[in-house]
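Residue numbers (the working numbering): 79 to 370. For every residue, glycine included, the Cβ atom is placed at its ideal position computed from N, Cα and C.
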């Protein structure tokens, strides 16, 4: 991204931090419809993902879901303006932690499974604001210097979290877990076959990271899933009960369970999952690409 474009984007985000939320969401509604036609490659990726995961869905329903997803994606993107730049009181009012919130309290090692819903940054902010423990998360450095500084500062503005750079391995993450820091992990993307196994996701073979059961075992941690739901007031971050008997000694079974749990979460709000990512990018030997 060129420097002028970076500055323009940050100016837009600063504006979003000051505007009433209905106005921001209206801007996102317009932006989502524009993006649907401006980024045909991502539109194709999202459509293929939806067709593979919901093969029985009628064409008109799939088209509606695709459009809704791009709107939610754009709204959540603009929401990062107020998540990272608005006063703390505003963020606290708009981001709520609901459900089995007690799972995140105390000092028991806790691995938080945070799938790639569009509100993934809201879920992280909810933990920093509403969980009375220092939290731990991963951070991937961005290529654009201005954007990297903005994202890093925004994601660390509350709660003094421990942020571990991606690539540092599992040791600092396991150590943080054993020290009682809830670790926010997003292991549901396709990163190739390294550290992955084949498991099904909505009936499709998917290269799936083993990091969730592996870290839970190393840190002797319980696994608690969270689902960030974009709502008219902001976000409801649903905390689900800890998974019983997890992990086991069967890594493949543990990874498959993770995908089944994710399927249930996605089915509750399919328009808000991150369909623009090539979830099925890696294919078994001899199988052609889904995406052409």
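| Item | Value |
| --- | --- |
| Beta strand (DSSP E) runs wholly inside the region 233-260, at least 3 long, in chain order | 240-243 |
| Stretch-stretch touch, CB-based, cutoff 8 angstroms, three pairs: the region 253-265 with the region 176-192 | yes |
| Unbroken beta strand (DSSP E) run spanning residue 307, endpoints | 300-309 |
| Delimiting residues of the alpha helix (DSSP H) encompassing residue 216 | Taken as a continuous stretch (DSSP letters only), residue 216 belongs to no alpha helix (DSSP H), being part of the beta strand (DSSP E) at 214-217. |
| DSSP beta-bridge partners of residue 162 | According to DSSP, which records beta bridges pairwise, residue 162 is partnered with nothing at all. |
| Cβ distance (whole Å) where residue 136 is taken to contact residue 161 below 8 angstroms | Not a contact, Cβ separation roughly 35 angstroms. |
| Three-state secondary structure (DSSP) of residue 321 | coil |
| Between the CA atoms of residue 250 and residue 295 - distance to the nearest angstrom | 14 angstroms |
| Status (buried if at least 16 other CB within 10 Å, exposed otherwise) for residue 180 | exposed |
| Between the CA atoms of residue 323 and residue 279 - distance to the nearest angstrom | 21 angstroms |
| Rounded distance between the beta-carbons of residue 195 and residue 305, thought under 8 angstroms | 6 angstroms |
| Cα-Cα separation between residue 281 and residue 332, rounded to whole angstroms | 16 angstroms |
| Secondary structure of residue 269, DSSP reduced to three states | coil |
| Sub-8 angstroms separation of residue 153 and residue 290 beta-carbons | no |
| Those residues which DSSP pairs with residue 283 across a bridge | 278 |
| N-terminal and C-terminal residue of the beta strand (DSSP E) that residue 177 is part of | 173-177 |
| Residue 222 and residue 109 closer than 8 angstroms at C-beta | no |
| Proximity below 8 angstroms, CB of residue 214 to CB of residue 164 | no |
| Limits of the alpha helix (DSSP H) - the one that residue 329 falls within | 329-346 |
| Given 8 angstroms, three or more beta-carbon pairs between the region 312-323 and the region 166-175 | yes |
| Residue 216 to residue 233 span [Cα, whole Å] | 10 angstroms |
| Span of the beta strand (DSSP E) around residue 293 | Run containing residue 293: none in the beta strand (DSSP E); it sits in the alpha helix (DSSP H), 289-296. |
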